[in-house]
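Sequence lines, in order, name chains A and B.
For the first sequence, our numbering gives the first residue as 1, with consecutive numbering after it.
For the second sequence, our numbering gives the first residue as 1001, with consecutive numbering after it.
Notes for the one structure printed next.
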Amino acid sequence: MRTTASAYDIARHYRDEIVPLKKRISDENLLRYNGMLIGVFELLADARSQITSVNGYIEALRDFWLAQADLDSAQLGPVAGSGLSQAMSTPSAAPDGAAGSH
Amino acid sequence: MFSRRHFIRHAGAVTAAVTAASVSKVAMAALPEPVLQDKPDTMPPLVPNSGRPYNPVVTLNGWTLPWRMNQGVKEFHLVAEPVVREMAPGFKAHLWGYNGQSPGPTIEVVEGDRVRIFVTNKLPEHTTVHWHGQRLPNGMDGVAGLNQPAIQSGKTFVYEFIARRPGTFMYHPHADEMTQMAMGMMGTWITHPKQKHPLIDEVDRDFVFLLNAYDIDPGAYTPKIMTMLDFNLWSWNSRVFPGIDPLVVRQQDKVRLRIGNLTMTNHPIHLHGHEFMVTGTDGGAVPKTARWPEVTTDIGVGQMRQIEFVADEPGDWALHCHKSHHTMNAMGHNVPTMIGVDHQGIAKRITSLIPDYMVMSERGMADMTEMQMPIPDNTAPMMSGDGPVGSVEMGGMFSLLKVRRDQKAGDYGDPGWYRHPAGTVAYEWNGALQPPQRSESQGGQTMPARNMPEQDIEVQVRKPAIKQGGHAGH
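Set out below in structure tokens:
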């Protein structure tokens, strides 16, 4: 549960702060390239670092969903064969478990 | 008992006392009212209304400080304070200066005048004023710690001396000098001769300005004070082209320029269309037989040069520092040179990554003025300036001497562009061209060269071809 919460925080930090900030930096760098204050190599290096940050966001998001899936499956309990009684009992347990974990 | 609360309360009381002293109306009543300037324009010359008469100077993008006559003593009031100086239209800088602007106002007096200068310090740190080049009592020289205790923040000090030597001088701080001069604190001082001087001619137009330099990151407002060599803004009186006013003169006027250098390097100042004589420095007037003719005069750090000429050629003549980087505004010194680099195919791929990218500088830098591209906020474009027939592609230390036959005496207003007489403008040739003569050999050698590299590397100079659409590879 702690892993889910921290993975959520990391993904949100990427989405809300890092990715917009990198976009802003790239926009400013283009203005500086236009003014011949930086060269094209520096501009491309910054574009690469922006892409890296977006990749980092995608991975953080993936980590969050994996952690969330792990949490959900832990609450569902061990899923055995396809016994009808177990299939009947698990749906009622899942909503409570899911509601309780948030 | 010394407790923290006790300490904080007392520190607050001390601060309050200092602030109260600095704005005390009673304390300031004895001083002449400080005159502040809020415009960066060239002000008309200040004709003296008391004391001995003289022909006043015109300070480029600056002004002369008025004084109060108090029992035969000229009293000036300088206020050292943080200022916002517009260095070019659209580009403001947060500097330190005097009386609302950087540089400070020009102080003009006559030889033999008794002067009293009140200096109020509104900076966050202490300061002094050193009167560069002048003969005065040692205690008035303004070196903090040596000649006087520094003027603390909020305090006012008085300097009093007699202006003994006629000439052009400068004034600048001598406490935390590096920082304060890097922030723009400096000014000019003119002492006019008290009677006709054998070595100082009377002139019709007398201009004065200081050279200064700043390192301001594009988009930022405050100069970097630790910079020693890598300045990016070179200015005259804290203005850069196209913000420097023109020097407007009437044809046949005798013109004097007094230029002081408070940057960290020398500047060869070049005038088009005329030769001039170097007639003085801040050490004094040059004897007539020792005056030498120049077209470019090199002004070293901490020096002043006074040049005189008769403006007898009508037209718009460029006046600028001949170090070509000093006629550019901020640019990236580490931008790689792309001249001759083949951009075919690359531009499209980069554009797919960075949508607004445009290929630049593979044919030199003139594209900068042709394409109007967005640049960071509060930045002067590297080269700009619209002349009558195209872009002048200049920045920094560049201005114009405008000589007009019909300019009225005493009128310093901009007369517009020069109208060239017919047949005196360089024009395009559309007729037949003979094939030009080209030289293939560089000549021989004085002595045989030893230790040559094994392979003879021939350097390829690829001239950019003129393509139909202009830019290739888009």
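Using N, Cα and C, we set each Cβ at its ideal position, and we do this for glycine too.
Nothing here was measured: the structure is a model prediction, and the numbers come from that model.
query	result
Just to make sure I have the definition right: I need the residues of chain A whose C-beta is within less than 7 Å of the C-beta of B:L1353. Which are they?	A47
I want to know whether the region 1394-1401 of chain B touches the region 1284-1301 of chain B - three or more CB-CB distances under 8 Å.	no
How big is the Cα-Cα spacing for B:P1166 and B:P1089?	36 Å
Restricting to Cα atoms, I'd like to know which of B:R1116, B:H1094 and B:K1092 is closest to B:E1075.	B:R1116
Would B:E1308 be called buried (16 or more neighbouring beta carbons within 10 Å of its own) or exposed?	buried
Short of 8 Å Cβ to Cβ, which residues in the region 18-43 of chain A face chain B?	S26, E28, L30, L31, R32, Y33, N34, G35, M36, L37, I38, G39, V40, F41 and L43
Between B:M1368 and chain A, is any beta-carbon pair separated by less than 8 Å?	yes
Does A:I10 come within less than 8 Å of chain B when only Cβ atoms are used?	no
Nearest chain A C-beta to B:M1228 closer than 8 Å, yes or no?	no
Any beta carbon from chain A within less than 8 Å of B:D1356's own beta carbon?	yes
List the whole-angstrom C-beta distance separating B:Y1171 from B:W1189, where the pair is believed to meet the contact cut-off of C-beta under 8 Å.	5 Å
What span of residues does the alpha helix (DSSP H) with B:Q1442 cover, start to end?	Taken as a continuous stretch (DSSP letters only), B:Q1442 belongs to no alpha helix (DSSP H), as it is neither H nor E.
With a threshold of 16 other CB atoms inside 10 Å of the CB of B:D1038, please say whether the residue is buried or exposed.	exposed
Compute the distance between the beta-carbons of A:S26 and A:A45, then report whether it is under 8 Å.	no
Please tell me whether A:M1 and B:G1332 are closer than 8 Å, where the distance is taken between their beta carbons.	no
Using the C-alpha atoms, what's the distance from B:H1197 back to B:V1425?	42 Å
Buried or exposed: where does B:K1288 fall if 16 or more other Cβ atoms within 10 Å of its Cβ makes it buried?	exposed
Thinking B:N1261 and B:S1238 are a contact (beta carbons under 8 Å), I'd like their distance in whole angstroms, please.	That pair is no contact at about 14 Å.
Exposed or buried, B:I1346, counting other C-beta atoms within 10 Å across all chains shown (16 or more means buried)?	exposed
For B:V1335, which three-state DSSP category applies?	coil
Excluding the 5 residues flanking A:V40 on each side, which residues of the same chain have their C-beta closer than 8 Å to its C-beta?	Y33
Kindly list the residues whose CB is nearer than 7 Å to the CB of B:T1127, restricted to its own chain and excluding five residues on each side of it in sequence; keep chain order.	A1080, N1121, A1150, I1151, P1173, A1175 and Q1180
Does any residue of chain A bring its CB to less than 8 Å from the CB of B:T1168?	no
Residues bridged to B:A1144 by DSSP?	B:Q1148
Pair every Cβ in the region 1036-1055 of chain B with every Cβ in the region 1082-1100 of chain B, then say whether three or more of these pairs are closer than 8 Å.	yes
B:H1320 lies in the beta strand (DSSP E); which residues open and close that run?	G1315 to C1321
Jot down the residue ranges of each uninterrupted beta strand (DSSP E) in the region 1355-1404 of chain B, minimum 3 residues, whole runs only, in chain order.	1384-1387, 1390-1394 and 1398-1404
Measuring only between beta-carbons, confirm whether B:V1208 sits less than 8 Å from chain A.	no
Given a threshold of 16 other Cβ atoms within 10 Å of its Cβ, counted over all protein chains shown, does B:D1230 qualify as buried or as exposed?	exposed
Thinking just about the alpha-carbon of each residue, which of B:D1113, B:F1276 and B:V1129 is nearest to the one in B:G1187?	B:V1129
Output, in chain order, the set of chain A residues within a Cβ distance shorter than 9 Å of B:G1475.	Outside the displayed span of chain B (1001 to 1474) sits residue 1475 of chain B, for which this structure offers no information.
Answer with yes or no whether the minimum CB distance from B:T1327 to chain A is below 8 Å.	no
Starting from B:D1406, trace the alpha helix (DSSP H) both ways and give me its first and last residue.	Premise fails: B:D1406 is in no alpha helix (DSSP H) and is neither H nor E.
Between B:N1061, B:L1123 and B:K1194, which lies nearest to B:W1096 when the distance is taken from Cα to Cα?	B:L1123
If I'm right that B:F1241 touches B:L1060 with Cβ under 8 Å, what's the distance once you round it to whole angstroms?	No, B:F1241 and B:L1060 are not in contact; Cβ-Cβ is about 12 Å, not under 8 Å.
Is the Cβ-Cβ distance between B:W1131 and B:G1139 less than 8 Å?	no
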